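Each residue of the sequence shown is one higher than the one before, starting from 41 at the first, in my numbering.
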Amino acid sequence: MLDRQTAPLEIARTVLRPETIREVCNAGFTNSAYLILDRWALNQPDELRRLETLSTLGLIVTLSQQQTREANVLNSDSAWEASRQGMSDWDILQNAGIDTSLKITI
């Protein structure tokens, strides 16, 4: 658990190689993808390092797919309404059945 606000990719930078961070930054991801990567780095650092070792491209594809899944849910009308009523993004994703953990499938 974090006790303070962090900058985008601050946590991921402690887990991933600098060249991987550069590739992620150059891939055109939004801030939401950086938050996903930080979440994985915080909660599953060993798995994230393993994915990076297997394939940087695989990491980027996996991140892109997760960003799309989460954005599809969080940009829905029902999510906007739930957020307006005080529900967190994490709760909205959980209620929609979105697994926020890193799954290595390559």
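Yeah, the Cβ is synthetic: ideal placement off N, Cα and C, and Gly gets one too. All figures in this text were calculated on a predicted structure; none of them were measured in a lab.
Could you check whether residue j and residue i sit closer than 8 Å to each other, using their CB atoms as the reference points?
i: Leu91; j: Leu142; result: yes
i: Thr60; j: Leu94; result: no
What does the alpha-carbon distance come out to for the pair residue i and residue j?
i: Ala81; j: Ser104; result: 16 Å
i: Ala73; j: Ser116; result: 18 Å
i: Ser123; j: Leu88; result: 29 Å
i: Pro101; j: Ile144; result: Going by the sequence as given, residue 101 is Val instead of Pro. Answer to the nearest angstrom: the Cα atoms are 11 Å apart.
i: Gly137; j: Ile76; result: 16 Å
i: Gln14; j: Ile146; result: A question about residue 14 goes unanswered here, because the residues of the chain that appear run from 41 up to 146.
i: Ser128; j: Asp139; result: 15 Å
i: Asp86; j: Asp131; result: 25 Å
i: Gly126; j: Asn135; result: 14 Å
i: Ala67; j: Glu121; result: 31 Å
i: Ser118; j: Asn112; result: 11 Å
Between the Cα of residue i and the Cα atoms of the options, which residue gives the shortest distance?
i: Asp39; options: Ser95, Gly98, Gln107; result: The structure shown does not extend to residue 39, since the chain spans only 41 to 146, so no value can be given for it.
i: Ala52; options: Glu121, Gln84, Ala67, Arg44; result: Gln84
i: Phe69; options: Asp131, Leu49, Ser128; result: Leu49
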